[in-house]
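Anchor point for the sequence shown: position 222 equals 362 in my numbering, and the numbering is continuous, going up by one each time.
Where a beta carbon is used, it is the ideal one built from N, C-alpha and C, also for glycine.
Remember, it's a predicted structure, so these values are computed and weren't measured experimentally.
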Amino acid sequence: MSHAPTKSAKPWEGDNHSPGFARLDHEPFPQFEAGWVWLVGAGPGAPGLMSLLAYHAMQNCDVVVYDALVNPDILRWVRVGAELEYAGKRGGKPSPVQRDISERLIDLARAGKRVLRLKGGDPFMFGRGGEESQTLAKAGVPFRIVPGITAGVGGLAYAGIPATHRDTNHAVIFLTGHDATGRMPANVNWAAIATAAPVIVMYMAVKNLGEIAAVLQANGRPADDPVTILSNASMPSQQVASTTLAGAGAYVAANEPPTPAIVVVGHASDWRSLLDWYGPSLRENPIG
Ligand code: SAH
141 MSHAPTKSAK PWEGDNHSPG FARLDHEPFP QFEAGWVWLV GAGPGAPGLM SLLAYHAMQN
201 CDVVVYDALV NPDILRWVRV GAELEYAGKR GGKPSPVQRD ISERLIDLAR AGKRVLRLKG
261 GDPFMFGRGG EESQTLAKAG VPFRIVPGIT AGVGGLAYAG IPATHRDTNH AVIFLTGHDA
321 TGRMPANVNW AAIATAAPVI VMYMAVKNLG EIAAVLQANG RPADDPVTIL SNASMPSQQV
381 ASTTLAGAGA YVAANEPPTP AIVVVGHASD WRSLLDWYGP SLRENPIG
């Protein structure tokens, strides 16, 4: 699906500031200065999960460079007149390489624009925000990081899964399910990860889940450990699937759960039976 903005359909045009936010206009927000890049987390999906600084940035930028994970509904809060640039896969073309995106941010900043780099979740959480800000820093381009709610915490909350709970886990591991090549990451200590924490929250893990589950089990993780696959967290299209570590690979192969999806291993998911609050009537609200 392309999230490319269309010029024609902008029902929000002319309604730049929604009335509810007008009272923030006089708050001493940091100024978004020309030639700066703000790397902003948009949260996992629900527009209401953006921060006030993120909203402020949207109202004061010249250009938004956004990636594929950003919910397009959020983009209607961008100031009228700001340019929107998509930096993800489009029309089957491969995604632009990271270097190109970083170079683009530098070019826009040097052209005197106020550049809003909008990323899904939190920019520093498996979001390449580290790489992008590194390139900006080396190029001498001033930047600010606006953290966002990461899918592996805030997204889980929408499924009634607390990332930590005194009765289930005093620690949690955040793990990526693939490295730059798309394969299961080789440079993590699987033997340690398998048993180090009662809960493992995995990003980008659906494709390699069978392989990851096998390695975890081979390193001592119980075969009957619950596995929850949470797709489109915080969105009306949110879906949750439950399986076990032993069954995870076959489940994914047979059911192809929608992505983006977070995979949770461990008994944190048991709380869902009690805490699953995001029901059908709540999903009708477009903000969150
Ligand atoms: N910076 C982002 C993560 C980027 S990596 C963050 O902090 O959330 C991309 C991965 O994030 C996806 O493969 C998926 O595992 C996860 N993800 C992002 N948004 C999601 C959502 N709404 N529902 C489920 N998973 C999501």
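**OP:** Please determine, among ALA303, LEU245, MET190, the residue with the shortest C-alpha to C-alpha distance to PRO282.
**Re:** LEU245
**OP:** Could you name the residues of the same chain whose beta carbon sits closer than 8 Å to that of PRO187, not counting the 5 residues immediately before and after it, in chain order?
**Re:** ASN211, ASP213, ILE214, TRP217, PRO426, ILE427, GLY428
Subject >> Pairwise C-alpha distance: SER371 and ASP319 >> reply: 20 Å
Original post:
Is GLY190 near the ligand SAH, in the sense that its beta carbon is under 7 Å from a heavy atom of that ligand?
Top reply: Note that residue 190 is Met in the sequence shown here, rather than Gly. MET190: no, Cβ never under 7 Å from the ligand SAH.
Original post:
How many angstroms separate the CA atom of GLY387 from the CA atom of PRO325?
Top reply: 21 Å
Original post:
What residue range is occupied by the uninterrupted alpha helix (DSSP H) comprising ALA358?
Top reply: 349-358
Subject >> Buried versus exposed call for VAL220 [16 or more other C-beta atoms within 10 Å across all chains shown] >> reply: exposed
Original post:
So what does DSSP say about TYR195, is it helix, strand or coil?
Top reply: helix
**OP:** Take the Cβ of ASP365 as the centre, count every other Cβ of all protein chains shown within 10 Å, and call the residue buried at 16 or more, exposed below.
**Re:** buried
Subject >> Exposure label - ASP240; buried when at least 16 CB within 10 Å >> reply: exposed
Subject >> C-alpha distance - PRO400 paired with ALA222, whole-angstrom precision >> reply: 28 Å
Subject >> When GLY406, ALA279, LEU164 are compared against GLY175, the one with the closest alpha-carbon >> reply: ALA279
Subject >> Inter-residue Cα distance where the pair is LEU349 and HIS305 >> reply: 25 Å
**OP:** With hydrogens ignored, establish whether the beta-carbon of TYR343 is closer than 7 Å to any heavy atom of the ligand SAH.
**Re:** yes
Subject >> Exposed unless 16 or more other CB atoms sit within 10 angstroms - verdict on GLY260 >> reply: buried
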